[in-house]
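Q: My questions will all concern the structure given below.
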Amino acid sequence: MTPDLAILGAGPAGSTLAALLSQRGFKVLVFDDEKRPELLVGESLVPATVPVMRRLGIEDRVAKYSQHKPGVTFLHREGSRIDFNFAPIARSLPTYAYNIPRPEFDDTLRERAEELGAVFVKHRAVVEPGTDGREIQLSAGSLAAAKLSAHPAFLIDATGRARTFARALGIGAQGGERADVAYFAHFEAFEHDFECPGQVVISILDNGWCWRIPLPGRLSVGIVLHKDIAKTYGDTPEARLDHALRTEPLLRDHSRDARRVTPVMTYTNYQLVSERGYGPGWAACGDSFGFVDPMLSPGLFMALESARLFDEHVFSSGTAVLGQPDTLHAGFERAEAELHDWHESWRELIRHFYDGGIFSLYETGTNFSKKFKGWPGIKFMENHMGKHIASMASGSFTRRKYSRGLVRFMRQYMLRDCRMPEEFAVRP
Ligand SMILES: Cc1cc2nc3c(=O)[nH]c(=O)nc-3n(C[C@H](O)[C@H](O)[C@H](O)COP(=O)(O)OP(=O)(O)OC[C@H]3O[C@@H](n4cnc5c(N)ncnc54)[C@H](O)[C@@H]3O)c2cc1C
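With numbering that gives the first Met the number 0 applied, the sequence shown has no gaps in its numbers, which climb one by one up to 427 at the end.
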């Protein structure tokens with residue numbers, strides 16, 4: 000075939016876009032190097048991912064190998080505990096999400112894209128500066144690997160953190176505030192005694208924080224801490240993860256009998272947004288455009304959402320748009336503006352967790368409810384705050400001006416009878 004469009008990378012962003020555009024009748028070719036490791040981060044989803052699964056008709060397949068996720072519990076070294084349940088969130092979304100074995104999830108998306116007509120080629124695509132009005136193009140070797148006699152009209156970079164196009168074009172990026180590193184692995188017999196089996200647990204530790212994500216038959220455990228502190232934990236990723244499990248008070252009792260059943264993977268670099276995400280003949284989707292700190296698990300949602308935004312704002316009128324540079328430009332401008340708003344909104348919400356504000360607010364609310372038990376309005380306010388924060392973390396109210404303003408206002412003017420945010424902040 001002569002594709003209308005070639006996508007580089009068959010992660011969640013690339014395969015979702017391939018499936019959505021194939022549904023619209025585009026001829027899509029996807030290059031993937033198939034270098035995916037067996038163990039991949041991105042195992043905990045937010046409810047806002049479910050509508051895209053439904054649109055692609057894959058929710059049943061995903062549910063079969065995944066763990067139902069009812070919410071997230073935050074435990075703090077200072078003894079606080081906050082349970083967020085997705086049940087009271089805005090009605091526009093399902094009240095649950097999934098914890099997914101990542102390789103299976105990526106395979107399902109790819110399988111669906113293939114069913115809808117997308118063609119996948121096993122090849123690590125190479126790009127070079129473009130000619131004929133394109134800013135970037137596939138190398139002769141990559142065209143040959145896909146047996147293409149003509150260059151596709153459009154290229155999508157979905158190569159994740161490799162940011163293949165941005166690197167080739169020298170496009171800069173805005174980084175995050177932290178210099179953290181993550182070590183993670185899968186465990187068996189790690190005690191996870193929470194009432195709801197799929198509840199994800201985030202613990203704010205003496206140093207950094209830790210995730211516990213229940214998957215069928217095992218628990219994914221990752222620690223995230225400053226890279227300089229990590230060095231003091233041991234010489235290898237295994238030693239560093241092991242040290243945290245043995246010494247952190249919130250982990251050591253639960254991990255006493257735990258058996259690690261995978262190698263330990265390392266991830267660095269936490270936040271990044273490209274200065275530019277599209278140009279003549281190309282656009283970047285998913286992590287290749289930008290990624291958010293993973294504390295609230297927004298990464299896969301952002302990958303799926305960027306594919307959805309491209310589909311809606313750029314390609315919904317069909318293949319004719321590929322011959323209309325001005326319409327393409329306007330569509331990507333809209334999509335990119337929404338993506339920036341998503342990034343900014345997630346960053347703001349996640350900052351409330353990192354700097355301790357959410358824990359102070361929660362303590363204020365709990366003390367208030369005890370002190371004024373039975374007063375009219377108290378229960379309403381408690382439920383109202385809970386609903387808005389859970390809805391923001393679910394991906395439904397994340398960008399809502401009212402919800403964001405409510406949290407800011409409460410933090411600024413309503414903290415009473417509580418420990419201040421600095422006491423709850425993630426160190427360093
Ligand atoms: C520590 C940590 C924890 C995280 N936890 C979560 C979580 O719990 N929940 C969540 O939703 N997200 C999480 N994320 C984020 C999530 O993993 C990513 O946002 C998501 O994988 C992005 O998907 P993507 O398709 O953009 O990129 P990727 O998943 O990186 O896919 C890119 C694909 O492109 C391929 N590729 C690369 N270069 C080429 C090339 N030149 N040619 C062909 N193919 C190529 C790669 O092999 C890969 O298959 C976490 C991230 C980190 C760092």
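A virtual CB, placed ideally from N, CA and C, is assigned to each residue, including glycine.
Quick one: is the Cβ of TYR266 within less than 7 Å of any heavy atom of ligand 1?
A: yes
Q: Whole beta strand (DSSP E) runs in the stretch 72-135 with 3 or more residues, listed along the chain?
A: 80-84, 96-98, 118-121 and 126-128
Q: Could you check whether THR48 and LEU204 sit closer than 8 Å to each other, using their CB atoms as the reference points?
A: no
Q: On a Cα-Cα basis, can you pick out the residue from ARG35, GLY322 and GLY356 that is closest to PRO151?
A: GLY322
Q: From the DSSP output, in three-state form, read off ILE170 for me.
A: coil
Q: Quick check on HIS185: does DSSP put it in helix, strand or coil?
A: strand
Q: Under 7 Å from any heavy atom of ligand 1, does the C-beta of VAL40 make it?
A: yes
Q: I need the DSSP call for ILE228, collapsed to helix, strand or coil.
A: helix
Q: State yes or no: is the C-beta of PRO293 within less than 8 Å of the C-beta of VAL40?
A: Yes, Cβ-Cβ distance for PRO293 and VAL40 is below 8 Å.
Q: What do you get for ASN98, buried or exposed, if any count of 16 or more other CB atoms within 10 angstroms of its CB means buried?
A: buried
Q: Just to confirm, does SER287 get its C-beta within under 7 Å of one of the non-hydrogen atoms of ligand 1?
A: Proximity of the beta carbon of SER287 to ligand 1 is indicated: a heavy atom of the ligand is located closer than 7 Å.
Q: Please state whether DSSP places PRO213 in a helix, a strand or coil.
A: strand
Q: Determine the closest residue to TYR361 out of MET409, GLY8, THR265 and ARG160, with distance taken between C-alpha atoms.
A: Relative to TYR361, the option among MET409, GLY8, THR265 and ARG160 whose CA is nearest is MET409.
Q: Whose C-alpha, out of ALA243, GLN411, VAL260 and ARG239, is nearest the C-alpha of GLY216?
A: VAL260
Q: Please go through the stretch 228-259 and give each complete alpha helix (DSSP H) segment of 4 or more residues, from N-terminal end onward.
A: 236-246
Q: Just list the residues that DSSP pairs THR265 with in beta bridges.
A: Bridge pairing for THR265: TYR182 [DSSP].
Q: Round the Cβ separation of ALA157 and ILE57 to the nearest angstrom and send it over; I've been treating them as touching at under 8 Å.
A: So it is not a contact: roughly 18 Å between Cβ atoms.
Q: Write down the C-beta distance between ALA96 and LYS63 rounded to the nearest angstrom, noting that I regard them as a contact closer than 8 Å.
A: Not a contact, Cβ separation roughly 16 Å.
Q: Which residues does DSSP list as the beta-bridge partners of TYR277?
A: Answer is ALA282.
Q: Between the stretch 236-255 and the stretch 195-211, are three or more C-beta pairs nearer than 8 Å?
A: yes
Q: By the 10 Å Cβ neighbour count, where 16 or more other Cβ atoms means buried, how is GLY298 classified, buried or exposed?
A: Answer is buried; the Cβ neighbour count reaches 16.
Q: How many Å lie between LEU19 and GLY175 at the Cα?
A: Our two residues, LEU19 and GLY175, have alpha carbons roughly 31 Å apart in a direct line.
Q: Is THR397 near ligand 1, with its Cβ less than 7 Å from a heavy atom?
A: no
Q: Please go through the same chain and pick out, in chain order, the residues whose beta-carbon is closer than 8 Å to the beta-carbon of GLY280, but skip the five residues on each side of it.
A: GLY129, GLY132, ARG133, GLU134, ILE135, GLN136, ALA152, PHE153 and LEU154
Q: Please classify PRO196: is it buried, with 16 or more other beta-carbons within 10 angstroms of its beta-carbon, or exposed?
A: exposed
Q: Assuming ALA86 contacts CYS284 (C-beta within less than 8 Å), just tell me the rounded distance between them.
A: Incorrect: roughly 32 Å between the Cβ atoms, too far for contact.
Q: Closest to GLY278 by C-alpha separation, out of ALA238, THR94 and ASP325, would be which residue?
A: ASP325
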